[in-house]
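Numbering (UniProt numbering), first residue to last: 1 to 297. Some notes on the structure that comes next.
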Amino acid sequence: MIDVVVIGGGPAGMSAALVAGRGRKQVLLIDEEKPRNAVTHESHAFLTRDGIKPEVFREKGRRDLLKYPTISIKKSKILSIEKPLEDSFELTAESGEIINTKSVVLATGVTETLPNVKGIENYYGSSIFSCPFCDGWEMKDRPLILITESVQALHVIKLLKNWTDDLIVATNGNRIFDADQKRLLETNNIRLIEEMIVELKGTDGELQSIVFESGEEIKRSGGFCTTVLDNKLPFIEQLGIEVNEAGFIIADVMGHTNIKGIYAAGEITGPSQLIVSASQGHMVGIGIIADSCEEAF
């Protein structure tokens, strides 16, 4: 029986696997190899790795893991997790393989839905982004647009004002701001456009202008958008894992969930950046070793 199965090969999953493997646990990391940041050219604000390409980051991480004979990696997808015994779990892979383990780390991240704007995927990750802390510096002082269909957009707008004074907010036909919020935008010299977006124009992923339903075309050299994050995993319900109102798994600082032996780290517990997810995974690895030592003593 494997000591720990980590589901997800992002920074959270790899960090958890690294710490657990160094703690002399037999670890299997299972990854679908479909990272959410695959469209991103560079990752930022990760100390010693600022500006690294996501695929290079993953490759370096895997090389670190495979230095240890206690850690193995497999490309697969887990379809279900059952708990036949009090102290073990049975995982079923897409291939039909059955894997038995004492502990499971859920670090699958989330899926992301972009605003319903035709062609936005051609610019996402190149000149339109979702995280100002990840890409704000690269977009600083440019004429930007925020494309949002979210009622929580005001928080993002306040953040973006830190990087540019030339900001337009487009809601793509949605009425998401009340009168007070509209006055606040006007006070801060932020134009609000509630028309549908007809077209995004640009070349090679670099945004140049936005065309609205009225025919107005506004030049912008980049922007941000709000996305919808989802962590739909069948085994969350199968196991009765508790989630918060937003649907993210509830876990403590060591990654413990309400199910003994099930740990969670990274964006499956809430939106975060690479370095935060890596830190969470590290803490989960510590938690696994600490729990094991406590039980064995």
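Ideal Cβ positions, reconstructed from N, Cα and C, are used throughout, including at glycine.
>> Considering Cα atoms alone, identify which of Glu86, Val169, Gln273 is closest to Asn100.
In response: Your numbering for residue 100 matches position 100 in the sequence shown. Among Glu86, Val169, Gln273, the Cα nearest to that of Asn100 is on Glu86.
> Can the beta-carbon of Ile7 be found closer than 7 angstroms to that of Leu106?
Replying inline: Indexing the sequence shown from 1 puts residue 7 at position 7. Indexing the sequence shown from 1 puts residue 106 at position 106. Yes, these two residues count as a Cβ contact at 7 angstroms.
> Straight-line CA distance for Leu184 to Ile249?
Replying inline: The sequence position of residue 184 within the sequence shown is 184, counting from 1. The sequence position of residue 249 within the sequence shown is 249, counting from 1. Answer to the nearest angstrom: the Cα atoms are 34 angstroms apart.
> Is the stretch 198-209 in contact with the stretch 173-180, if contact means three or more CB pairs nearer than 8 angstroms?
Replying inline: The stretch 198-209 is not in contact with the stretch 173-180.
> In whole angstroms, what is the alpha-carbon distance linking Glu216 and Gly125?
Replying inline: Locating residue 216 in the sequence shown gives position 216, where the first residue counts as 1. Locating residue 125 in the sequence shown gives position 125, where the first residue counts as 1. If you take the alpha carbons of Glu216 and Gly125, they lie about 25 angstroms apart.
>> In this structure, how does DSSP classify Gly222 when only helix, strand and coil are distinguished?
In response: Walking along the sequence shown from the start, residue 222 turns up at place 222. Note: Gly222 maps to strand in three-state DSSP.
> In chain order, what residues of the same chain lie with their CB nearer than 7 angstroms to the CB of Ser209, ignoring the 5 residues before and after it?
Replying inline: The count along the sequence shown starts at 1 and reaches residue 209 at position 209. Counting only Cβ-Cβ distances below 7 angstroms, and skipping sequence neighbours, we find Lys201, Glu217, Ile218, Lys219, Arg220.
>> Would Lys60 and Ile30 be called neighbours here (beta carbons separated by less than 7 angstroms)?
In response: Sequence index remark: in the sequence shown, residue 60 carries index 60 (1-based). Sequence index remark: in the sequence shown, residue 30 carries index 30 (1-based). The answer is no: Cβ separation not under 7 angstroms.
>> According to DSSP, is Leu66 part of a helix, a strand, or is it coil?
In response: Mapped onto the sequence shown, residue 66 falls at position 66. In this structure, Leu66 counts as coil in the three-state DSSP scheme.
>> Residues in the same chain with beta-carbon distance under 6 angstroms from Gly21, minus the five sequence neighbours each way, listed in chain order, please.
In response: By 1-based counting over the sequence shown, the position of residue 21 is 21. For Gly21, where only same-chain residues beyond five positions count, the Cβ hits under 6 angstroms are Val27, Tyr68, Thr70, Ile71.
> Thinking C-beta only, is Val228 closer than 7 angstroms to Thr113?
Replying inline: Position 113 of the sequence shown, counted from the start, is the residue given in the question as residue 113. Position 228 of the sequence shown, counted from the start, is the residue given in the question as residue 228. Val228 sits close to Thr113, with the two beta carbons spaced by under 7 angstroms.
> Expressed to the nearest angstrom, what Euclidean distance is found between the alpha-carbon atoms of Ser15 and Phe89?
Replying inline: For the purposes of this step, residue 15 is taken as residue 15 along the sequence shown, with counting starting at 1. For the purposes of this step, residue 89 is taken as residue 89 along the sequence shown, with counting starting at 1. Cα-Cα distance, rounded: 21 angstroms.
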